[in-house]
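Enquirer: Dropping a structure here in structure tokens format, bear with me for questions.
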Amino acid sequence: MPRNVKEIPSAAYDPACVFYSFLGKRDGATFISDDAFGHTLTVTGATWGIQGRTFDGVDDRIVIPNSSSLQFGTGDFSLTVWATKGTQLTDYPCLIGRHDNASEIIQIYESGDTGIVSAYMNIGGVVKEAGLGTISKNTFYHFAVVKTSDTLFGY
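Residues in the sequence shown are numbered from -6 upward in steps of one, following the numbering used here.
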């Protein structure tokens, strides 16, 4: 676990939380999320490092199988991620996202190697975007997206 980082036990979280996993302690090829739903996560390419999982910015990922608890639909939701940028990324790397199909896409991503982080949502053809800020190399950032009614807020 990274120095000075304390994990809140999963039992302390709101039972309405549909996904939570502290990657700073997850070193297996598969593991179970810390939320009440117990989603099975599968690692592809991401290596275990001193501060948790390390992703190459190209094709490393952690996959969660489709679950009805993760289908946001038209309801309100929030999505957060702690991330740092270690190397140059190409295209539009997704830091965290949910892709059901073309009708439900929600993601927090960096725009190429610009350092600009944004949120994108397309649910049923309704597209919303929000700027979240910038990300620099070797510094951790906390990004959050909140969808309330028809508005997408970025923090």
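Quick reminder that beta carbons are idealized off the backbone N, C-alpha and C, glycines included.
Go ahead and label Q100 buried or exposed: buried means 16 or more other beta carbons lie within 10 angstroms of its beta carbon, across all protein chains shown.
Expert: Against the sequence shown, residue 100 aligns to sequence position 107. Looking at its Cβ environment, which holds 16 or more other Cβ atoms inside 10 Å, Q100 is buried.
Enquirer: According to DSSP, is S61 part of a helix, a strand, or is it coil?
Expert: Counting from 1 along the sequence shown, the entry for residue 61 is found at position 68. The answer is helix: DSSP assigns S61 an H, G or I state.
Enquirer: Please report how far the alpha carbon of A76 lies from the alpha carbon of V51, in whole angstroms.
Expert: Position 83 of the sequence shown holds residue 76. Position 58 of the sequence shown holds residue 51. C-alpha separation (whole angstroms): 15 angstroms.
Enquirer: According to DSSP, what are the bridge partners of T127?
Expert: For the purposes of this step, residue 127 is taken as residue 134 along the sequence shown, with counting starting at 1. Bridge partners of T127: I109.
Enquirer: In the DSSP output, what is G42 paired with across the bridge?
Expert: Counted from its first residue, the sequence shown places residue 42 at position 49. Partner(s): G45.
Enquirer: Using only the alpha-carbon positions, how far apart do K78 and G117 sit?
Expert: Locating residue 78 in the sequence shown gives position 85, counting from the first residue. Locating residue 117 in the sequence shown gives position 124, counting from the first residue. Rounded to the nearest angstrom, the two C-alpha atoms are 32 angstroms apart.
Enquirer: State buried or exposed for K130, treating a residue as buried only when at least 16 other CB atoms are found within 10 Å of its CB.
Expert: Sequence index remark: in the sequence shown, residue 130 carries index 137 (1-based). Exposed is the call here.
Enquirer: Since T35 and T23 are thought to touch, with beta carbons under 8 angstroms apart, how far apart are those beta carbons, to the nearest angstrom?
Expert: The sequence position of residue 35 within the sequence shown is 42, counting from 1. The sequence position of residue 23 within the sequence shown is 30, counting from 1. At roughly 5 angstroms, the Cβ-Cβ gap stays under 8 angstroms, so T35 and T23 are in contact.
Enquirer: For the beta strand (DSSP E) that contains G147, what are its first and last residues?
Expert: Taking the first residue of the sequence shown as 1, we reach residue 147 at position 154. Where G147 is concerned, the enclosing beta strand (DSSP E) stretches over T144 to G147.
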